[in-house]
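Under the working numbering, the residue at position 150 of the sequence shown is numbered 230, and the numbers go up by one with no gaps. First up is the structure itself, then whatever we jot down about it.
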Amino acid sequence: MTVAGRRLEPVLAPERIREIVLDLGRRISEDFRGRRLVLVGVLKGAFVFLADLARALSIPVEIDFLQASSYGDDTASSGRIRILLDCGIDLRGKDVLLVEDIADTGHTLKALRQHLLAKGPASVRVCALIDKRERREAETPLDYAGGVIEEGFLVGYGLDCAQQYRHLPGVYRLVEEAQNGGERT
Ligand code: IMP
Ligand code: MG
Numbered sequence: 081m082t083v084a085g086r087r088l089e090p091v092l093a094p095e096r097i098r099e100i101v102l103d104l105g106r107r108i109s110e111d112f113r114g115r116r117l118v119l120v121g122v123l124k125g126a127f128v129f130l131a132d133l134a135r136a137l138s139i140p141v142e143i144d145f146l147q148a149s150s151y152g153d154d155t156a157s158s159g160r161i162r163i164l165l166d167c168g169i170d171l172r173g174k175d176v177l178l179v180e181d182i183a184d185t186g187h188t189l190k191a192l193r194q195h196l197l198a199k200g201p202a203s204v205r206v207c208a209l210i211d212k213r214e215r216r217e218a219e220t221p222l223d224y225a226g227g228v229i230e231e232g233f234l235v236g237y238g239l240d241c242a243q244q245y246r247h248l249p250g251v252y253r254l255v256e257e258a259q260n261g262g263e264r265t
């Protein structure tokens, strides 16, 4: 399909995402039953995933968000992360689940995990809807991953390209168009 002038190829249908989220919800509920769990979503990309994941849990949780940006070029994160918005809930003694849309180079998750650990929680675990491995540079634990996608730039279900496509209910790969704009036969 074509949205905002770009061709999109389906990667995860909404029904498949639903299955993934329900499965993650079951696992996380089992692992944290009886604990004090705080979900910390990474804005903006994780807002859809966190909303669905929270409702797939059968345990009580607190919910907060933070927002980060990476310095450097805008196609791959540089490893130097700046916190634009910090979470406000007191995390001391609680278990934290950092909820992210996608792990790409891994720099953001690594830095945010360390940032959260410094606040004195009982534990920090990391959950990403998509584990994209082609550009992984930073080694950091990914405790819960929805799906592994080998390559491509993905949009939809919170994921954006220049702030577009976050509203789409599925995940899509952006198809690179030929530079001359013409279709080859
Ligand atoms: P990192 O490279 O693992 O640090 O990822 C940094 C951020 O880049 C992620 O939180 C996403 O917001 C964004 N990102 C990485 N890959 C994609 C993608 O395929 N589509 C949309 N955003 C992405
Ligand atoms: Mg993000």
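The C-beta atom is built at its ideal place from N, Cα and C for all residues, glycine as well. It should be emphasised that the depicted structure is a prediction, and the values quoted were computed from it without experimental measurement.
Sorting F129, T82 and A191 by C-alpha distance to the C-alpha of I182 places F129 at the top. Sorted by chain position, residues whose beta-carbon lies closer than 7 Å to a non-hydrogen atom of the ligand IMP are V122, G125, S150, A156, S157, E180, D181, I182, A183, D184, T185, G186, H187, T188, L189, K212, R215, G232, F233, L234, V235, L239, D240 and C241. G186 is not a Cβ neighbour of L209, given a cutoff of 8 Å. Non-local C-beta neighbours of E257 in its own chain, meaning closer than 7 Å and more than five positions away in sequence, comprise R87, ordered along the chain.
Counting every other CB atom within 10 Å of its CB across the protein chains shown gives E231 a total below 16, marking it as exposed.
In this structure, V118 places its C-beta atom within 8 Å of the C-beta atom of I169.
When DSSP states are grouped into helix, strand and coil, T82 belongs to the strand group. Here the alpha carbon of R135 sits roughly 19 Å from the alpha carbon of R205. For the 8 Å CB-CB criterion, R115 and D166 do not form a contact. When DSSP reads this structure, R87 sits in a beta bridge with T82.
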